[in-house]
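All the letters of the sequence shown, read from the start, carry residue numbers -21 to -1, 1 to 386 under mature numbering (1 follows the signal peptide of the UniProt record, and there is no 0). Contents: one structure, followed by commentary.
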Amino acid sequence: MILSMKGTIIAYALAISSCLAQLDRQGETRTYLVQYKKNVRGAENIDPVQPQDTQDGQRKLSEEIPYGIAMVRAGEGNDGNLYLPNTDIVSPKKVCVIDSGYINNHEDLPTLDATDGHSTIPGNVWSKDGCGHGTHCAGTIGALGGNEKGVIGVIGDETKLDLFIVRVFDDDCFWGSEEGLIGAVEKCIEAGADIVSMSIGSDLDSQFEADQFKKHYNDDNVLFIAAAGDDGDSGMTYPASHPHVMSVAAVDEDENRAHFSQFNSQVEISGPGVNVISTYKGDYKSMSGTAMATPYVAGVAALVWGHHPECTNKQIRHALVKSARVKAGDGKCDDKYGFGIVDAWQAYLMISELGCDGVVDNTGEILGGCAFVEGGLGPSNCKNWCKEITIPWNGLVGTTQKCDFTE
């Protein structure tokens, strides 16, 4: 990676890739990488440096419900647990996916109009995706349900979700944008996006970017969500580690932290990110990474916000982290899981019980990560923001968790 600053060229090396650089509007050359891992517990994934052309790992599906849908409690459940369906969405939200494009003629994805996307790469249209990464992420959010094909997304009804695609990676999964990340974000905002999902990452911080995310977060009522990173260490990955962006860690099917998932003070929430099956170029594919967890959080945000359109981006963010499900430990936020695993049903119920204003108890400067709010909702972590209400815990019918102002 190369950084150009005030005429001085400083060379930086990335352990996982050597990518083409791009110049942002402040004179900083910055490269982003798609965030996913290869060979995680047998997962068949493409390599971010040299994408594999083999069809290994791809498959035809009649219709499969990915394990992540039940984990985040979206859709219709038939196992005795409570889930948040998309049928009662009042106001569909627009999710902008900044990634490698979108296969617009995929059998299991909504067919988007010509105005539903933008490519920042000359000669590359947004409605194609030779890399496949963006199509995989988009499928986790909105793959069609009930068509007896492929998989089901968090919101599997195209009438209950709006998608907008901004392409920044080329067919070889290399960063090719000539408009910079903030330029891509601004395309999302111009299109009316409520949520921006970014399964990308760089190890270089930028105050300019941080300031722009803060501005758009405060001025445009947009929720930003990004991948925490896949190096399995405590290093910061951007844009996820900017305070006004939700940093998403990855867990496996047993709700254990994925070994590759970053752990640091900016990790805010977790989602399914190991062996995630979704739409891909040609067919379907299982992939792993915090990139795969990110669209789960973005999809849940759209699902909950669609049920409560009266809320602001900040209120939805508070509801997501405070209602996140804690698997074990002392029930408090940590640098591995953040506040816990995103839970659509609990977030919806919390807003329904407390109202949009009732879920916010921190009106100070936004710090991100565990510093964002005071504690998350869990069986050993009832905080004073939770009024004396009885709510379902883990969706088990008849099982409740009483919030009584005690810790």
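A virtual CB, placed ideally from N, CA and C, is assigned to each residue, including glycine. Predicted model only: the values in this text are computed from it and were never measured.
For residue i, three-class secondary structure by DSSP
i: residue 394; result: The question about residue 394 has no answer here: the residues shown for the chain are numbered -21 through 386.
i: Leu282; result: helix
i: Glu86; result: coil
i: Lys139; result: helix
i: Cys167; result: helix
i: Lys193; result: helix
i: Glu247; result: strand
i: Ala219; result: coil
i: Thr269; result: helix
i: Thr(-14); result: In this predicted model, Thr(-14) has a pLDDT of only 25, less than 50, meaning its place in the structure is not dependable enough to derive any value.
i: Tyr316; result: coil
i: Tyr62; result: coil
i: Val276; result: helix
Residue i and residue j closer than 8 Å at C-beta
i: Ala172; j: Cys290; result: no
i: Ile144; j: Gly54; result: no
i: Asp141; j: Pro71; result: yes
i: Val147; j: Thr258; result: no
i: residue 436; j: Tyr62; result: A query on residue 436 cannot be resolved here, the shown segment of the chain reaching from -21 to 386 and no further.
i: Val164; j: His195; result: yes
i: Leu299; j: Ile248; result: yes
i: Ala277; j: Ser156; result: no
i: Ile68; j: His286; result: yes
Residue interval of the alpha helix (DSSP H) (run including residue i)
i: Cys335; result: 323 to 337
i: Tyr46; result: 46 to 50
i: Ala298; result: 292 to 301
i: Thr258; result: Thr258 -> not in any alpha helix (DSSP H); beta strand (DSSP E) instead, spanning 255 to 258.
i: Glu120; result: According to the sequence displayed, residue 120 carries Ile and not Glu. Run containing Ile120: 112 to 121, per the alpha helix (DSSP H) assignment.
Same chain, Cβ closer than 8 Å to residue i, five either side skipped, listed in chain order
i: Lys128; result: Leu40, Ser41, Glu42, Glu86, Asp87
i: Gly135; result: Gly54, Asn65, Gly121, Ala122, Leu123, Gly124, Gly125
i: Gly214; result: Asp182, Gly208, Gln241, Asn243
i: Thr138; result: Pro71
Spatial neighbours of residue i in its chain, beta-carbon cut-off 7 Å, leaving aside the 5 residues before and after
i: Asn83; result: Thr90, Leu91, Ser106
i: Asp231; result: Ala237, Val253
i: Tyr275; result: Gly47, Val51, Thr119, Val133, Gly250, Pro251, Val321
i: Arg296; result: Leu202, Met225
i: Thr99; result: Val145, Arg146, Val147, Ser156, Glu157, Glu158, Gly162, Ala163
Own chain partners of residue i with C-beta closer than 6 Å, once the 5 adjacent residues on each side are dropped
i: Gly319; result: Ala303, Arg304, Val305, Gly355
i: Gly347; result: Pro222, Gln245
i: Gly111; result: Tyr259, Lys260
Start and end residues, beta strand (DSSP E) containing residue i
i: Cys75; result: 72 to 78
i: Gly96; result: 96 to 98
i: Ser176; result: 174 to 177
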